[in-house]
Amino acid sequence: MDSVRPDRSTGLIALQNSQKKFNDFDKNALEEAIRIREKVGGKVTVLSVGEPTVKEVLKEALSIGADEAFYVSDPAVKEFDSRAVALVVSRFYRKAGPFDLILMGDGSVDHYSMQVGPRVAELLGLPDVTYVRKLEMKGSSVLVERDFEDGYYVTEVRLPAVITVAQEINQPRLPTLRSILSASKREIKLVPLGDLTTTAAELMPVVKIVETHAPKVERRKTMIDATNAEQAAVELVRSLQKEGVI
Amino acid sequence: MVSFVCVSDQTELLPEVVTYSRSLVPGTRVLAVLFSSLEDERAAELTEYGIDTLFIAGVSSQKLSSASAASLIAQVLPGDTEAVVFASTKFSKEVAARLGGKLDAPFLTECRSVELTTGGAVVSRMVLSGNGIAKEEILKKPFIVTLVRGLSEPLKLEKRGTIKRLEPSEESGMATLEIRQKGGSEVKLEEAQRIVAVGRGIQKKEDLAMVERLAKLLDASIGCTRPIAADLGWLSDDQWIGLSGHKVKPKLYVALGISGQVQHIAGMRDSKVVVAVNKDQNAPIFANSDYCIVGDLYKFVPEFIKALEGRGAK
């Protein structure tokens, strides 16, 4: 999401023009899933919900190391809000699962609504843990470290469980040229809404974005040329004293 | 009549959430759920902010699971609930999302304003890593929101409400074994008055000595961008400022060798005065700065230190 440019005259941001990108937080979730597979075995399934362009994201996931990829998309559903995504994920779990772990990012970089994980857990009656910065498999449970304001909580959770991870949990690996080539030949399967016993009507949004504005930045942007560092430093200290911040 | 249900796990945040909810519908009934232990007298005082019934589910040092917390809220929710309004804490956000699943209700985080409509509400909130403010329409009631901090000045009423204690059922499926204290910096970054933050422009770990010297002179805490903490490990995760790190609002923020990626800006946007030092005059950090020092930080910082030391002599 580093290519967002608001329209100068209106301050509106046109989201449909910004390119679909793999959410940074979900990359951490995929990386963690691959690491778990490398340690204890298993299979990593990736699922994406949205426009057909999500296939690009899934191709990248396959090239990074996912075993299989599915997407849910339907021309009758123009936008999937968080409620709809959670509903689809929970139905997918019932159809293709059960899985031992549902991993996702703490929030999306774009919308950061941070709710799909706990919603899915509630719909499936599973435990959920969020803000996970460390994770260790322990047989039929998982030991996690969660980042709360008042400390790091070390919690043991029984599987199956929904876990959302923080960015600091790992450094996602990059695909190689060879893995990109082999991923491009693999199938990304479309799951029709009917297979998930849901309908476009059930997935109608309960939240709609009316418009998005660029926040007003009221910074003065006073340029200080530091070719002469000494002079620049004196000038800065004087200004900061005037502001009353030092 | 309609009711609002206000929820927090931090006692001090409940008054502002209650006051804001009351301002939405004059004369409305407000129930509150507090996930923190509080003795009777202080609880009674808390109800003076306009809480008709205060439900306390006190768990001393532990946090409830989001499943148990959402169940407790659902149990006390009256039929005429307009909205469930949460204070903005990490626990709240998780519980609110879980409650959203339980009630099949719309939920939006970090709302900066809420206007009720017949079928729901219109809210504004920060999106795109802090690069946009979205106006969003909620199309269903009851709905759930978390409010950003400081939306209203808490206002007391004359009368007190009733207090009820809730007993959470026993947790199943998870157990917290230990709570590790966050170490590192003595001052919490969120509360720091001045912050010196470093980014990739710092070439090696040893150079942080110079930064520490500057921070000491400014009476500032030290923060950093993600790569410095997560990739290089030169500073701890506790010092990482950004979208998923700390969100800070000091009086003075000095950014040294920070390019200004959107994720970082999201963490420091609310600073009062921002000074940035960067070699690249096109670095995005300058668009978010009050004082833009274009130059080599290795030449500028020693002079900055000198000028600050000279200040004391005068």
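Taken in sequence, the protein lines are chains A and B.
Numbering-wise, the first sequence is residues 1 to 246 according to this note's numbering.
Numbering-wise, the second sequence is residues 1001 to 1314 according to this note's numbering.
Every residue gets a Cβ at the ideal spot worked out from N, C-alpha and C, and that includes glycine.
No experiment lies behind these values; they were computed from the predicted model shown.
{"Check": "Helix, strand or coil, according to DSSP, for Val89 (chain A) in the structure here?", "Outcome": "helix"}
{"Check": "Pro118 (chain A) versus chain B: which residues are under 7 Å apart at the beta carbon?", "Outcome": "Ser1066, Glu1094, Ala1097, Arg1098 and Gly1101"}
{"Check": "Rounded to a whole number of angstroms, what is the C-alpha to C-alpha distance between Ala70 (chain A) and Glu56 (chain A)?", "Outcome": "A small correction: the amino acid at residue 70 (chain A) is Phe; Ala does not occupy that position in the sequence shown. Going by the C-alpha atoms only, they are around 12 Å apart."}
{"Check": "In three-state DSSP terms, what is Asp67 (chain A)?", "Outcome": "coil"}
{"Check": "Tell me the start and end of each unbroken beta strand (DSSP E) in the stretch 1205 to 1288 of chain B that is at least 3 residues and wholly inside, in chain order.", "Outcome": "1221 to 1224, 1252 to 1256 and 1273 to 1278"}
{"Check": "What are the partner residues of Leu143 (chain A), as DSSP defines its beta bridges?", "Outcome": "A:Glu136 and A:Glu156"}
{"Check": "Is any beta-carbon of chain B found at less than 8 Å from that of Val85 (chain A)?", "Outcome": "no"}
{"Check": "Looking at the unbroken alpha helix (DSSP H) that takes in Leu1099 (chain B), where does it start and where does it end?", "Outcome": "Lys1090 to Leu1103"}
{"Check": "Give me the chain B residues within the contact set of Pro127 (chain A), using Cβ-Cβ distance strictly less than 7 Å, ordered along the chain.", "Outcome": "Ser1065, Ala1067, Gly1173 and Met1174"}
{"Check": "Looking only at its own chain, which residues have a Cβ that is under 7 Å from the Cβ of Glu32 (chain A), when we skip the five neighbours before and after it?", "Outcome": "Leu103, Leu135, Val165, Ile169 and Asn170"}
{"Check": "Return yes when the Cβ of Val120 (chain A) is within less than 8 Å of the Cβ of Arg146 (chain A), no when it is not.", "Outcome": "no"}
{"Check": "Which runs of the beta strand (DSSP E) spanning at least 3 residues fall entirely within the stretch 1035 to 1078 of chain B, listed in chain order?", "Outcome": "1053 to 1056"}
{"Check": "Helix, strand or coil for Thr1176 (chain B)? Go by DSSP, reduced to three states.", "Outcome": "strand"}
{"Check": "Quick check on the burial criterion: 16 or more other C-beta atoms within 10 angstroms. Buried or exposed for Val4 (chain A)?", "Outcome": "In this prediction, Val4 (chain A) scores a pLDDT of 43, lower than 50, which makes its location untrustworthy; the coordinate-derived value is nonetheless stated afterwards. Buried, because 16 or more other Cβ atoms sit within 10 Å of the Cβ of Val4 (chain A)."}
{"Check": "DSSP on Ser182 (chain A), reduced to helix/strand/coil?", "Outcome": "helix"}
{"Check": "Starting from the Cα of Lys1135 (chain B), find the closest Cα among B:Pro1142, B:Leu1147 and B:Ser1113 and give me that residue.", "Outcome": "B:Ser1113"}
{"Check": "Can you list the residues of chain B that Ala121 (chain A) reaches, using a CB-CB cut of under 8 Å?", "Outcome": "Ser1066, Ala1067, Arg1098 and Gly1101"}
{"Check": "Taking Phe25 (chain A) as part of the alpha helix (DSSP H), name the residues at either end of that continuous run.", "Outcome": "Asp24 to Val40"}
{"Check": "Based on Cα-Cα distance, which residue from A:Val77, A:Asp106, A:Val72 and A:Asp81 lies nearest to Leu30 (chain A)?", "Outcome": "A:Asp106"}
{"Check": "Who are the near neighbours of Gln1041 (chain B) in its chain, counting only those whose CB is closer than 6 Å to its CB and skipping five residues on each side?", "Outcome": "In the sequence under discussion, the amino acid at residue 1041 (chain B) is Glu, which differs from the Gln named in the question. Correct list: empty, nothing qualifies."}
{"Check": "At a CB distance below 7 Å, what residues from the stretch 1291 to 1304 of chain B approach chain A? Give them in sequence order.", "Outcome": "Tyr1291, Cys1292, Ile1293, Val1294, Gly1295, Lys1299, Phe1300, Glu1303 and Phe1304"}
{"Check": "With DSSP as the reference, identify every bridge partner of Phe1107 (chain B), one or two as the case may be.", "Outcome": "B:Ile1144"}
{"Check": "According to a CB-to-CB cut-off of less than 8 Å, which residues of the stretch 193 to 212 of chain A neighbour chain B?", "Outcome": "Pro205, Val206, Val207, Lys208, Ile209, Val210, Glu211 and Thr212"}
{"Check": "From Gly1310 (chain B) to Lys1216 (chain B), what distance separates their C-alpha atoms?", "Outcome": "15 Å"}
{"Check": "What number of angstroms, rounded off, separates the C-alpha of Val154 (chain A) from the C-alpha of Cys1006 (chain B)?", "Outcome": "28 Å"}
{"Check": "Since Val1165 (chain B) sits in a beta bridge, which residues does DSSP pair it with?", "Outcome": "Per the sequence shown, residue 1165 (chain B) should be read as Arg rather than Val. In the DSSP output, where bridge partners are listed per residue, Arg1165 (chain B) has B:Ile1056."}
{"Check": "Could you say which of B:Ile1241, B:Gly1267, B:Glu1167 and B:Ile1305 lies nearest to Ala229 (chain A) if we only look at CA atoms?", "Outcome": "B:Ile1305"}
{"Check": "Report the neighbours of Gly151 (chain A) on chain B: residues whose CB is nearer than 7 Å to its CB, in chain order.", "Outcome": "Ile1179, Arg1180, Gln1181 and Lys1182"}
{"Check": "Count the other C-beta atoms from every protein chain shown that fall within 10 angstroms of the C-beta of Glu1186 (chain B), then say buried if there are 16 or more, exposed otherwise.", "Outcome": "Low per-residue confidence applies at Glu1186 (chain B): pLDDT is 48, beneath 50, and the placement is therefore not dependable, though the value from the model is reported in the following sentence. When all chains shown are included, Glu1186 (chain B) counts as exposed."}
{"Check": "Could you check the C-alpha separation between Leu47 (chain A) and Leu1034 (chain B) for me, to the nearest Å?", "Outcome": "37 Å"}
{"Check": "Could you check how far apart the C-beta atoms of Ala1192 (chain B) and Ala1220 (chain B) are, in whole angstroms? I think they sit under 8 Å.", "Outcome": "7 Å"}
{"Check": "Alpha carbon to alpha carbon, what distance is there between Met223 (chain A) and Ala1287 (chain B)?", "Outcome": "11 Å"}
{"Check": "Compare the Cα-Cα distances from Lys208 (chain A) to each of A:Val72, A:Arg37, A:Ser82 and A:Val54 and report the closest residue.", "Outcome": "A:Ser82"}
{"Check": "Have a look at Leu62 (chain A) and Phe92 (chain A) and give me their C-alpha separation to the nearest angstrom.", "Outcome": "19 Å"}
{"Check": "Whole angstroms are fine: how far does the CA of Pro192 (chain A) sit from the CA of Tyr1253 (chain B)?", "Outcome": "51 Å"}
{"Check": "Check whether the Cβ atoms of Thr1089 (chain B) and Leu1155 (chain B) sit closer than 8 Å, and answer yes or no.", "Outcome": "no"}
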